[in-house]
Structure formats: structure tokens, C-alpha cells
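All remarks here apply to the structure that follows.
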Amino acid sequence: ENKKPKATRHILLIRHSQYNLNGHSDKDRTLTGLGQEQAELTGQRLATLGLKYDVLIHSSMTRAVETANIISKYIPGIQRVSCDLLREGAPIEPDPPINHWKPDSVQYYEDGARIEAAFRRYIHRAETNQLEDTYEIIICHANVIRYFVCRALQFPSEGWLRMGLNHGSITWLTIRPSGRVILRTLGDSGFMPPEKVTRS
Amino acid sequence: EPKKGGWDTNWDRREPAF
Chain A
133 ENKKPKATRH ILLIRHSQYN LNGHSDKDRT LTGLGQEQAE LTGQRLATLG
183 LKYDVLIHSS MTRAVETANI ISKYIPGIQR VSCDLLREGA PIEPDPPINH
233 WKPDSVQYYE DGARIEAAFR RYIHRAETNQ LEDTYEIIIC HANVIRYFVC
283 RALQFPSEGW LRMGLNHGSI TWLTIRPSGR VILRTLGDSG FMPPEKVTRS
Chain B
22 EPKKGGWDTN WDRREPAF
């Protein structure tokens with residue numbers, strides 16, 4: 133009995149907000165004005181849910197860091213962790229493929245291993261010593277979140293590109309102590325006014 | 022072994038029985 137998990141983990145995956153696509157490098161790809169508004173709305177939404185959040189983990193890419201900076205204002209005192217494994221990339225060749233985005237094999241090989249490592253690090257049932265339910269926020273990127281969803285639900289990983297996520301949206305995974313996984317929401321952005329909703 | 026197409030209960034390598 134001591135070796136059985138007892139608690140539930142709730143993982144809220146947030147896609148970063150809209151950012152400047154024209155930046156030369158990652159540090160130049162900062163949030164747009166609308167992106168900052170989206171992050172404010174997501175932060176307000178998370179606060180309104182009234183949950184006791186345990187940790188805020190974010191990708192080390194600039195757009196995720198800026199999104200985390202804004203959201204964390206609404207969750208004062210929350211522990212923050214930056215993670216390179218959560219950086220955007222090409223997790224696995226999608227099926228069906230699309231014409232306007234074709235990374236080479238090396239990209240899939242490198243990014244795929246890294247994103248899978250991120251999945252194994254963050255998406256699992258509670259440890260045996262966890263006694264209470266936890267609520268963890270992970271701020272990262274669309275490809276990473278979609279891949280996580282496919283893997284968590286044991287759907288074919290190649291189907292990750294069949295889903296779309298809005299900027300600042302919330303994807304909620306619940307993992308029971310039994311290992312059962314429930315996708316409660318996928319890409320929820322209903323809390324944003326329609327004119328504030330973007331995908332690219 | 023999970024049946025083909027079935028749910029793998031040890032998907033996160035944390036199933037106590039394993």
C-alpha cells in the first residue's frame with residue numbers, strides 16, 4: 133500500500149501568447165501588445181479558478197518566459213522553474229503531412245528526443261509520497277502540448293498536428309493515482325473576448 | 022502485455038504491479 137500513488141495530479145498546459153514572428157532570433161521574438169493582453173487574460177482566468185497552484189514551469193524560450201512573467205503576477209508567491217526540454221520543436225513527423233512545414237530528419241531526431249524527455253519528466257501519475265492533489269502549470273508551445281496530449285491519451289503521436297491551439301489557451305490534463313488520464317479541456321480560450329483570440 | 026489497441030496501464034513506468 134505504501135508503494136501505491138494516492139493523489140491526483142492536475143497539469144494545466146498553457147500555450148504562450150502571440151509573439152513577434154519577425155524577430156531574428158529567439159530573444160527578439162517577444163510578445164506583441166495583443167500577446168501581453170492574452171497573457172493577462174489567461175492569468176486572470178487561472179486566478180479566477182481559485183485553485184492552489186503548486187508550481188509554474190515554463191519553457192526557456194523568450195515568448196514563454198514573458199508569458200510566465202505576466203501570468204505569475206496573478207499567482208503571487210508561486211514557485212517558478214525554467215526548463216530547456218520544453219522549448220518548441222518538431223516532435224515527430226505528422227500524419228498527414230503538411231506542405232508548408234517540412235523540418236528535416238535531423239530536426240525530428242533532435243527535437244523529438246528532447247520533447248519525449250520532457251513528456252517523461254512532467255507527465256506521469258503522482259509519486260508515492262504525494263499525499264494531496266496538486267495543480268501544476270506548464271507554459272510552453274503548441275507542438276509540445278499537442279504531442280503531450282497524444283502521448284498521454286495513448287493516441288498515435290503522429291496525429292499531433294490534427295489539433296490546433298489558440299494563443300494563451302489552457303489544456304488541462306488530470307492524471308489519477310491509478311494512472312488513468314483524463315483530458316478535461318483542450319485549448320480552452322473561451323475566457324477571452326473573440327477579438328483577442330489568435331492562433332498565429 | 023496490453024492487448025493491441027488497448028490501454029497500457031504502465032504507460033509512465035510507475036505502475037506498482039510492475
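One line per chain: the protein sequences are A and B, in this order. So the mapping is simple: this note's numbering equals the position in the first sequence, first residue as 1, plus 132. So the mapping is simple: this note's numbering equals the position in the second sequence, first residue as 1, plus 21. The C-beta atom is built at its ideal place from N, Cα and C for all residues, glycine as well.
Please report the straight-line C-alpha distance between residue i and residue j, rounded to a whole angstrom.
i	j	result
isoleucine 277 of chain A	asparagine 134 of chain A	32 angstroms
proline 228 of chain A	tyrosine 240 of chain A	16 angstroms
glycine 311 of chain A	aspartate 265 of chain A	14 angstroms
serine 301 of chain A	glycine 27 of chain B	30 angstroms
histidine 232 of chain A	leucine 188 of chain A	33 angstroms
alanine 249 of chain A	histidine 256 of chain A	12 angstroms
isoleucine 307 of chain A	leucine 166 of chain A	33 angstroms
asparagine 31 of chain B	tyrosine 279 of chain A	19 angstroms
serine 191 of chain A	proline 226 of chain A	22 angstroms
isoleucine 271 of chain A	phenylalanine 39 of chain B	32 angstroms
tyrosine 206 of chain A	aspartate 158 of chain A	25 angstroms
From the DSSP output, in three-state form, read off residue i for me.
i	result
isoleucine 314 of chain A	strand
arginine 147 of chain A	strand
arginine 294 of chain A	helix
arginine 278 of chain A	helix
glycine 322 of chain A	coil
arginine 141 of chain A	strand
glutamate 264 of chain A	coil
Ordered along the chain, which non-local residues of its own chain (more than five positions away) have a Cβ less than 7 angstroms from that of residue i?
i	result
aspartate 243 of chain A	Gly221, Ala222, Pro223
alanine 217 of chain A	The amino acid occupying residue 217 of chain A in the given sequence is leucine; alanine does not appear at that position. Once the five neighbours on either side are set aside, the close Cβ partners of leucine 217 of chain A are Arg246, Ala249, Ala250, Arg253.
leucine 315 of chain A	Val281, Leu285, Leu305
leucine 173 of chain A	Gly300, Phe323, Met324, Lys328
Who are the near neighbours of residue i in its chain, counting only those whose CB is closer than 8 angstroms to its CB and skipping five residues on each side?
i	result
leucine 263 of chain A	Lys138, Ala139
proline 309 of chain A	Lys136, Pro137, Lys138, Ala139, Thr140, Arg257, Ala258
arginine 289 of chain A	Correcting the residue identity first, residue 289 of chain A is serine in this sequence and not arginine. The answer, listed in chain order, is Pro223, Ile224, Tyr279, Cys282, Arg283.
Between residue i and chain E, is there a C-beta pair that is closer than 8 angstroms?
i	result
arginine 308 of chain A	The chain inventory of the structure shown lacks chain E, comprising the protein chains A and B.
Ordered along the chain, which non-local residues of its own chain (more than five positions away) have a Cβ less than 6 angstroms from that of residue i?
i	result
histidine 142 of chain A	Tyr267, Thr306
Which residues, taken in chain order from the stretch 310–329 of chain A, show a beta carbon closer than 7 angstroms to some beta carbon of chain B?
Under the 7 angstroms Cβ criterion, the stretch 310–329 of chain A contributes Gly311.
May I have a chain-ordered list of the alpha helix (DSSP H) segments no shorter than 4 residues that lie completely inside the stretch 167–255 of chain A?
Complete alpha helix (DSSP H) runs here, min 4: 194–204, 237–254.
Within 9 angstroms of chain B by C-beta, residues of the stretch 244–273 of chain A in sequence order
Arg252, Ile255, His256, Arg257, Ala258, Glu259, Thr260
Residues of the stretch 196–210 of chain A in Cβ contact with chain B at a cutoff of 8 angstroms, in chain order, please.
Cβ contacts with chain B come from no residue of the stretch 196–210 of chain A.
Check distances from the C-beta atoms of the stretch 133–147 of chain A to those of chain B and list, in chain order, the residues that come in under 8 angstroms.
Lys135, Lys136, Pro137
If the cut-off is 7 angstroms on Cβ atoms, which residues from the stretch 281–292 of chain A count as contacting chain B, listed in chain order?
Gln286
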